[in-house]
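Everything below concerns the one structure shown next.
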Amino acid sequence: MVKLLSVGVLIVLFSVPVMAQEYEDHDSMLMDHGDGHLMDMAGGMVMGQNADTLPGGCDRISETKEITVHAGHKYAEKFPGRMFAFDTQEFNFKPCTKLTVHFINEDNVRHQWMMHGLPKYLYPKGMFHLEATGPSKISGTLILPPGDKTYLVHCDIAQHMEKGMKAQLKVGKGDGDLPSIPGVTAYVEADDYTATLPELAAKAETEALAVPAIVATAVPAPTTTVQPEDSVISGVTVIGLALGLLAAPFLARKFKGLSVSEVVAYVFDLLRAFIELVVKLLTILIKWVVANKNKILPEK
Ligand SMILES: [Cu+2]
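Here it is as structure tokens:
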């Protein structure tokens, strides 16, 4: 019993430092490479660090702010279809704010908090950029420019922005909203789940009601213009149209009142019957070819 207890105590003692080391802190290990570029050997990086140079148009630092931004898969769970996200999608600061960002990456991959559109004379490539190979924490400071502007903040690792790691930072009133900010603005390449089969069928029915007038005017056309090729094409077109017209209301009526799953089941049933027919025809064809081959072979 004493042995068991001591083992338990040992396990607890050993797991404490492990739990404490859940996040690697890059801040204490960073080496200054000059030009606001700080880096360590563990995958932590700050670019565009600027804690003292005022951007043009700023007389003084208006406010000193500190924020902590978390990044990770779990923050995307509330946004359908997204894989990664920051815990905050919109930031707002006064012009000329001295901003320190503590960036905590909670995933086991690399994430960034990358801000674009800053003045290039002060920030290399117009960027302020925190990068952390997680799970870890990294901090950086910048001074925001004057004026009302909306800045893009994202993770530049391939597909992470497209999969949701995107935010906007408004200085002053900002100058509009950026697209595809999870929970803020509409997703630009959103899938459309609104059109269901019964709705499409109903649409086809209303279109079918509108089309007969066109057919009526189209039919006499081949008789007046005596051009054989044209009349063949228009004849086929008219037959196709007529078949479509006959089929559309039939299908519309058939699908009306059915649930989506019933419609899908019906379509699959049709498909199955069609495939069975094709397979049957193919077997007949193969049998016929093989039979003919057998007949030919002895003759040689
Ligand atoms: Cu990322």
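Read in order, the letters of the sequence shown are residues 1139 to 1438 in our numbering.
Beta carbons: idealized from backbone N, C-alpha and C, even for Gly.
Predicted, not measured: the structure shown is a model, and the values here were computed from it.
Residue i Cβ short of 7 Å to ligand 1 heavy atom set
i       : result
Gln1250 : yes
Ile1281 : no
Ile1242 : no
Ile1377 : no
Ile1295 : yes
His1298 : yes
Phe1222 : yes
Met1253 : no
Met1303 : yes
Closer than 7 Å: residue i CB and nearest ligand 2 heavy atom
i       : result
Ile1319 : For ligand 2, the structure offers nothing, since it holds only ligand 1.
Rounded straight-line distance, which links the Cα of residue j to that of residue i
i       : j       : result
Val1226 : Val1398 : The sequence given here places Thr at residue 1226; Val does not occur at that position. Between Thr1226 and Val1398, the C-alpha separation is close to 37 Å.
Pro1284 : Glu1228 : 18 Å
Thr1421 : Arg1410 : 16 Å
Pro1317 : Val1326 : 6 Å
Leu1379 : Lys1341 : 16 Å
Glu1300 : Ile1377 : 47 Å
Tyr1161 : Pro1273 : 5 Å
Met1252 : Lys1263 : 11 Å
Asp1313 : Glu1343 : 46 Å
Pro1257 : Val1405 : 58 Å
Gln1250 : His1208 : 10 Å
Asp1190 : Glu1215 : 38 Å
Asn1246 : Ile1199 : 36 Å
Leu1290 : Phe1217 : 19 Å
Met1179 : Asp1163 : 12 Å
Val1402 : Val1239 : 51 Å
Asp1315 : Glu1400 : 42 Å
Where residue i falls, given that 16 or more other Cβ within 10 Å makes a residue buried
i       : result
Leu1237 : buried
Leu1408 : exposed
Thr1288 : buried
Glu1244 : buried
Pro1320 : buried
Tyr1213 : buried
Tyr1259 : exposed
Leu1457 : Coverage of the chain is limited to positions 1139 through 1438, which leaves residue 1457 absent and any answer about it impossible.
Glu1414 : exposed
Leu1307 : buried
Pro1193 : buried
Ala1346 : buried
Phe1412 : exposed
Val1428 : exposed
Lys1304 : buried
Val1417 : exposed
Ala1339 : buried
Residue-chain proximity (residue i, chain C), Cβ-Cβ < 8 Å
i       : result
Val1402 : The chain labelled as chain C is not found in the depicted structure, where only one protein chain is given.
Beta-carbon proximity of residue i to residue j, cut-off 8 Å
i       : j       : result
Arg1220 : Gly1302 : yes
Lys1275 : Phe1241 : yes
Thr1279 : Gln1187 : yes
Glu1269 : Met1183 : yes
Phe1222 : His1298 : yes
Thr1235 : Leu1176 : no
Gly1181 : Thr1271 : yes
Asp1286 : Gly1310 : yes
Gly1172 : Met1185 : no
Lys1232 : Glu1204 : no
Asp1165 : Ser1277 : yes
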